[in-house]
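Visitor: Sharing a structure here in structure tokens format.
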Amino acid sequence: MSGSGSRGASWGTAVVVAALGCGLLVFALLTVQKKTPPPPPPPDTSAALRDAGFATTHTRTPRAPRDPHPTNATTGLVVHPNRVLGVYDKPDGKPFAKISPTEFGDLWLPAIARTAGWVQVLLPSKPNGATGWVRSGLVAQGHTPYVVRVHLGLKQMEIYRDRNLVGAWKVAVGKPSTPTPTGRTFIHGQFSDTKQTFSPVIIPLGTHSATLDNYGGGPGTVAFHGWPKQDVFGKAISHGCIRVPADALFQLRQIPVGSIVLIDNQ
Numbered sequence: 001m002s003g004s005g006s007r008g009a010s011w012g013t014a015v016v017v018a019a020l021g022c023g024l025l026v027f028a029l030l031t032v033q034k035k036t037p038p039p040p041p042p043p044d045t046s047a048a049l050r051d052a053g054f055a056t057t058h059t060r061t062p063r064a065p066r067d068p069h070p071t072n073a074t075t076g077l078v079v080h081p082n083r084v085l086g087v088y089d090k091p092d093g094k095p096f097a098k099i100s101p102t103e104f105g106d107l108w109l110p111a112i113a114r115t116a117g118w119v120q121v122l123l124p125s126k127p128n129g130a131t132g133w134v135r136s137g138l139v140a141q142g143h144t145p146y147v148v149r150v151h152l153g154l155k156q157m158e159i160y161r162d163r164n165l166v167g168a169w170k171v172a173v174g175k176p177s178t179p180t181p182t183g184r185t186f187i188h189g190q191f192s193d194t195k196q197t198f199s200p201v202i203i204p205l206g207t208h209s210a211t212l213d214n215y216g217g218g219p220g221t222v223a224f225h226g227w228p229k230q231d232v233f234g235k236a237i238s239h240g241c242i243r244v245p246a247d248a249l250f251q252l253r254q255i256p257v258g259s260i261v262l263i264d265n266q
């Protein structure tokens, strides 16, 4: 599991130090009969939103809708809240949480569905597979060409860019008593943890251990990280995190925040 401290590879973020425990956006505006685009929707000031907690790696959002397609890749669309935003149970529904513009640097979340005025995103909070709807007019949008796949049975990780294989590596995954959770998640950030020596950087995901509510002082967040001994790779030996070789970690550090990670039992 992940520890604490930070460097962020993302949409223009540089180095960020954080504690965990465990584009340019180009719009093509077509003017039709000199009509201007509608203004963004006003912020929600309801009491329900004011009372809602934040969806972060440290929190739980029991009212969040679950990911309806946890094995699917996405279009690569990622969104960034320009300010604190409400997260809703459905378009024009009820707010159950808020998201902040930053966590481990700038927060970028993968979009898994869209409808008029709204986008559904994966959340970093518990339970695993938590999602929510945010107003599309209040977020910046970007695109990531990357998908990371982890096969627990094969104990193998693959990185794809534009559907082309960048590389494949044997990795260490969770042991039977503390398994790596399956499903669709995302790269949540990067940070350096000066309290440990096993990895120069830790890359937390938007998913958590199903058996460890806390680990190393943190919330049981699952992460990619390096490991000094090569004999662990190809084994189910960790507390849920995915230990990767140095060259795999280097490649992971190039991947933007918000990129999809698909974990299966294959």
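Quick note: the sequence shown uses the UniProt record's numbering, first residue 1, plus one each step.
Glycine included, each C-beta is placed from N, C-alpha and C at the ideal position.
It should be emphasised that the depicted structure is a prediction, and the values quoted were computed from it without experimental measurement.
Could you give the uninterrupted runs of the alpha helix (DSSP H) lying entirely in the UniProt domain "L,D-TPase catalytic" (146-264), keeping only those of 4 residues or more?
Guide: Runs found: 246-252.
Visitor: Could you check whether the segment 79-93 touches the segment 131-138, counting it as contact only if at least three pairs of C-beta atoms, one from each stretch, sit closer than 8 Å?
Guide: The segment 79-93 vs the segment 131-138: in contact.
Visitor: Less than 8 Å separating the beta-carbons of Gly240 and Thr180?
Guide: Yes, Cβ-Cβ distance for Gly240 and Thr180 is below 8 Å.
Visitor: With Ser209 and Gly220 assumed to form a contact (beta carbons below 8 Å), what rounded beta-carbon distance in angstroms separates them?
Guide: Rounded, the Cβ-Cβ distance is 4 Å, consistent with contact.
Visitor: Could you give the C-beta distance for Pro256 and Tyr146, rounded to a whole number, given that I count them as a contact under 8 Å?
Guide: So it is a contact: roughly 7 Å between Cβ atoms.
Visitor: Quick one: give me the first and last residue of the beta strand (DSSP E) that Leu49 is part of.
Guide: No beta strand (DSSP E) holds Leu49; the alpha helix (DSSP H) holding it covers Ala47 to Asp51.
Visitor: Within 10 angstroms of the Cβ of His69, are there 16 or more other Cβ atoms? Answer buried if so, exposed if not.
Guide: By the neighbour-count rule (16 or more Cβ atoms within 10 Å), His69 is not buried but exposed.
Visitor: Looking only at DSSP bridge pairs, what is Thr71 linked to?
Guide: Thr71 is not bridged to any residue.
Visitor: Can you check DSSP and say which residues form a bridge with Leu85?
Guide: BP columns for Leu85 point to Ile99.
Visitor: Under the three-state reduction of DSSP, which class applies to residue 275: helix, strand or coil?
Guide: No information on residue 275 is available, as it lies outside the stretch 1 to 266 that the chain covers here.
Visitor: Please state whether DSSP places Ser63 in a helix, a strand or coil.
Guide: Residue 63 is actually Arg in this sequence, not Ser. Three-state DSSP puts Arg63 in coil, outside helix and strand.
Visitor: Mark Lys126 as exposed unless 16 or more other C-beta atoms lie within 10 angstroms of its C-beta, in which case mark it buried.
Guide: It is buried - the Cβ of Lys126 has at least 16 other Cβ atoms within 10 Å.
Visitor: Got a sec? Which residues, its chain only, sit under 7 Å from Asn265 by beta carbon, not counting five neighbours each side?
Guide: So the list reads Leu152, Gly153 and Thr182, once near-sequence residues are dropped.
Visitor: From the DSSP secondary-structure annotation, give me the bridge partner or partners of Leu109.
Guide: For Leu109, which the question treats as bridged, DSSP gives the partners Val79.
Visitor: Identify which residue in Gly234, Arg60, Phe224 and Gln251 has its Cα closest to the Cα of Asn128.
Guide: Checked all of Gly234, Arg60, Phe224 and Gln251; the closest Cα to Asn128 is Arg60.
Visitor: Is Phe186 buried or exposed, if buried means 16 or more other CB atoms sit within 10 Å of its CB?
Guide: By the 10 Å Cβ count, Phe186 comes out buried.
Visitor: For the segment 222-237 against the segment 169-177, do three or more pairs of beta-carbon atoms, one drawn from each stretch, fall closer than 8 Å, so that the two count as touching?
Guide: Counting Cβ pairs under 8 Å, three or more are found: they touch.
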